[in-house]
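In numbering that gives the first Met the number 0, the protein residues as written are 0 to 272. Please read the structure below before turning to the comments.
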Amino acid sequence: MKAERMTKKMAKFRDKIQNGSLGLKVWCLFLLAVPFCLFVQADEHVPDVETLVKKIDQLYRSESSHANMEMHIVTPHWERTLAMTVWTQGMSKTFIRITAPKKEQGVATLRIGNEMWNYLPKTNKTMKIPPSMMMGSWMGSDFTNDDLVRESSMLDDYTYQYVTPKDASPEHLYIQLVPKEDSPIVWGKIVAAVQSDDYIPVWQRFYDEKGNLMRVMNFKEIKTFGDKIAPSLIEMIPQNKEGHKTVFRWLNATFDSDIDDKIFTRRNLQRRR
Numbered sequence: 000m001k002a003e004r005m006t007k008k009m010a011k012f013r014d015k016i017q018n019g020s021l022g023l024k025v026w027c028l029f030l031l032a033v034p035f036c037l038f039v040q041a042d043e044h045v046p047d048v049e050t051l052v053k054k055i056d057q058l059y060r061s062e063s064s065h066a067n068m069e070m071h072i073v074t075p076h077w078e079r080t081l082a083m084t085v086w087t088q089g090m091s092k093t094f095i096r097i098t099a100p101k102k103e104q105g106v107a108t109l110r111i112g113n114e115m116w117n118y119l120p121k122t123n124k125t126m127k128i129p130p131s132m133m134m135g136s137w138m139g140s141d142f143t144n145d146d147l148v149r150e151s152s153m154l155d156d157y158t159y160q161y162v163t164p165k166d167a168s169p170e171h172l173y174i175q176l177v178p179k180e181d182s183p184i185v186w187g188k189i190v191a192a193v194q195s196d197d198y199i200p201v202w203q204r205f206y207d208e209k210g211n212l213m214r215v216m217n218f219k220e221i222k223t224f225g226d227k228i229a230p231s232l233i234e235m236i237p238q239n240k241e242g243h244k245t246v247f248r249w250l251n252a253t254f255d256s257d258i259d260d261k262i263f264t265r266r267n268l269q270r271r272r
C-alpha cells in the first residue's frame, strides 16, 4: 500500500512538471529523496543489535534444554564419532555425558557459573578445569571447553555492532563482536552472519588479535525442535590445521522443559547413566 501511494505521488509530480507547475530542480530533489525514504523504511525491520546478539546467545539454550547429539571428529589420519546427552539450564549450567563409544562411555563434563569439571571413569577422578584451560580442546575435537559449556557470553563479554563486509550478501546481516577488556577471551574479534529474514545463524568467523582468521563455524541443516527452529548441524573448521574439522549434530532436542536440579551436581558426574 505504501509503495502504491508513493507511485501515485510520483505520478502527480510528473504531471505538474509536464504542465509547467513544478520546477525541474524540485523534481530532481524529490527523486533523490525517494530511495532514501525507502532505505530508511527497510532498515526499520532490522532488529536492535543487542536483541539479535541475545537471540544468538540463547539459540540452543532457552530456559532449559535436553538433547541427544553426535560429534564427528575428522583429521588427516583418523576419524571418530562420539554420542552424548546434553542438559542445560539458562546460561549458567551445562551437563554433558558421553554415551558411546564404549571406550569413552561415562566421561562427563559439568559447568556451573564460572566453574567447570571433567569426570574420567577410567581413573574414577573428577578434575576441575582452570580458566587457563577453557580454550583447550574438548575430547580431541576442534571445539574448546568454552565452546561446549559456553562460559563466555556474546551478550555480556563482548561489545557488538552491525558491519557490512566487502562480500556482504543482501540475504544476511553481519555483526562484529569484540571482547571487552576485562573478559578472559583469546579472540581479537568474531564476525557473525545471520539470515536477514529469520535471524538464524549462517556462520561465525574467529580472528586472533592480529586479525588473522583462525577458525570458521558453519551452521547448517535447519530443523524444527518443538517450537524452536535452529540449525541441527554445526561444523567447526580450524584455519591453521589442514584437513581437520569437527561436526556437531543434534539428533533430537527439547527446550523449556522441567529438568531436575540434581543433574547439575558433582555427584551426578560419577553416575554412569
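Ideal placement from N, C-alpha and C gives every residue a C-beta, glycine not left out.
Taking the Cβ atom as the reference point for each residue, do W186 and Y159 lie within a distance shorter than 8 Å?
Within the sequence shown, residue 186 is the residue found at index 187, counting from 1. Within the sequence shown, residue 159 is the residue found at index 160, counting from 1. Result no, Cβ atoms of W186 and Y159 do not sit closer than 8 Å.
Please classify W77: is it buried, with 16 or more other beta-carbons within 10 angstroms of its beta-carbon, or exposed?
One-based indexing of the sequence shown puts residue 77 at position 78. Classification of W77: exposed, given that the 10 Å Cβ count is below 16.
Can you give me the Cβ contacts of D141 inside the same chain, cut-off strictly under 8 Å, excluding the 5 residues immediately before and after it?
As a first step, residue 141 must be located in the sequence shown, where it is residue number 142. Closer than 8 Å at Cβ, skipping near neighbours: I72, R214, M235, I236, P237, K240, H243, K244, T245.
Is S91 helix, strand or coil when you go by DSSP?
Counting from one through the sequence shown, the residue named residue 91 turns up at place 92. Three-state DSSP puts S91 in coil, outside helix and strand.
Just curious, the alpha helix (DSSP H) that L147 is in, first and last residue?
Here residue 147 refers to the residue found at position 148 of the sequence shown. That run of the alpha helix (DSSP H) goes 144 to 148.
Beta bridge counterpart(s) of T98 as assigned by DSSP:
Taking the sequence shown and counting its residues from 1, one reaches residue 98 at position 99. Answer is none; T98 lacks a bridge partner.
Hey, I233 and F247: beta-carbon distance below 8 Å or not?
Within the sequence shown, numbered from 1, the residue matching residue 233 stands at position 234. Within the sequence shown, numbered from 1, the residue matching residue 247 stands at position 248. Yes. Within cutoff.
Restricting to Cα atoms, I'd like to know which of M90, K92, L250, K101 is closest to P120.
Within the sequence shown, the letter at position 121 stands for residue 120. Closest option to P120, Cα to Cα, is K101.
F94: which of N144, P183, D226, I199 sits nearest, CA to CA?
The sequence position of residue 94 within the sequence shown is 95, counting from 1. When each option's Cα is compared against that of F94, the closest is N144.
So, using beta-carbon positions, are H171 and V190 closer together than 8 Å?
Along the sequence shown, read from residue 1 onward, the residue named residue 171 stands at position 172. Along the sequence shown, read from residue 1 onward, the residue named residue 190 stands at position 191. In this structure, V190 does not lie closer than 8 Å to H171 by Cβ.
S256, buried or exposed, once every other Cβ within 10 Å from all chains shown has been counted against 16:
Start at 1 with the first residue of the sequence shown, and residue 256 comes out as number 257. Classification of S256: exposed, given that the 10 Å Cβ count is below 16.
C-alpha distance - V45 paired with I55, whole-angstrom precision:
Position 46 of the sequence shown, counted from the first residue, corresponds to residue 45. Position 56 of the sequence shown, counted from the first residue, corresponds to residue 55. V45 and I55: Cα-Cα distance of roughly 15 Å.
First and last residue of the uninterrupted beta strand (DSSP E) at L119:
The residue given as residue 119 occupies position 120 in the sequence shown. Segment 114 to 119, the beta strand (DSSP E) holding L119.
Starting from L51, follow the beta strand (DSSP E) in both directions and report where the run begins and ends.
For the purposes of this step, residue 51 is taken as residue 52 along the sequence shown, with counting starting at 1. First-last for L51: 48 to 56, but that is the alpha helix (DSSP H), not the beta strand (DSSP E).
Return the CA-CA distance between L212 and K188, expressed in angstroms with no decimal places.
As a working note, residue 212 is residue 213 in the sequence shown. As a working note, residue 188 is residue 189 in the sequence shown. About 10 Å.
Beta carbon of T80 nearer than 8 Å to that of E69:
By one-based count along the sequence shown, residue 80 stands at place 81. By one-based count along the sequence shown, residue 69 stands at place 70. Yes. Within cutoff.
Pick from L147, S64, W249 that is closest to M132, judged by C-alpha positions
Here residue 132 refers to the residue found at position 133 of the sequence shown. Of the candidates L147, S64, W249, the one whose C-alpha sits nearest the C-alpha of M132 is L147.
In three-state DSSP terms, what is R214?
The sequence position of residue 214 within the sequence shown is 215, counting from 1. Three-state DSSP puts R214 in a strand.
What residue from M83, T108, G135 has the CA that sits closest to K124's CA?
Locating residue 124 in the sequence shown gives position 125, counting from the first residue. Measuring from the Cα of K124, the nearest candidate turns out to be T108.
DSSP three-state label for M132, please.
As a first step, residue 132 must be located in the sequence shown, where it is residue number 133. Residue state, collapsed to three classes: helix.
If the criterion is Cβ atoms closer than 8 Å, does the pair S115 and I128 meet it?
Within the sequence shown, numbered from 1, the residue matching residue 115 stands at position 116. Within the sequence shown, numbered from 1, the residue matching residue 128 stands at position 129. Note that residue 115 is Met in the sequence shown, not Ser. Contact: yes.
Going by the beta-carbon positions, is the gap between S63 and I258 smaller than 8 Å?
For the purposes of this step, residue 63 is taken as residue 64 along the sequence shown, with counting starting at 1. For the purposes of this step, residue 258 is taken as residue 259 along the sequence shown, with counting starting at 1. It is a contact, given that the beta carbons lie within the stated cut-off.
Answer with buried or exposed for L250, where buried requires no fewer than 16 other C-beta atoms within 10 angstroms of its C-beta.
As a working mapping, residue 250 is identified with position 251 in the sequence shown. The residue in question, L250, is exposed, as its Cβ has fewer than 16 Cβ neighbours within 10 Å.
Considering only residues of the same chain and omitting the five flanking positions on each side of Y157, which have a CB-CB separation below 7 Å?
Residue mapping note: residue 157 aligns to position 158 of the sequence shown, counting from 1. These residues qualify, in order along the chain: L176, V177, P178, K179.
Quick check on K165: buried or exposed, where buried means 16 or more other Cβ atoms within 10 Å of its Cβ?
On the sequence shown, position 166 is the one that residue 165 refers to. So K165 counts as exposed.
Any idea what DSSP makes of N267, helix, strand or coil?
Within the sequence shown, residue 267 is the residue found at index 268, counting from 1. Helix.
Run through DSSP, which three-state label would K240 get?
If you number the sequence shown from 1, residue 240 lands on position 241. Coil.
A66: buried (16+ other C-beta within 10 angstroms of its C-beta) or exposed?
For this step, residue 66 is matched to residue 67 along the sequence shown. The residue in question, A66, is buried, as its Cβ has 16 or more Cβ neighbours within 10 Å.
Measuring CA to CA, which of E49, I184, I111 is closest to M90?
Residue numbering aside, residue 90 sits at position 91 when the sequence shown is read from its first letter. Closest by alpha carbon: I111.
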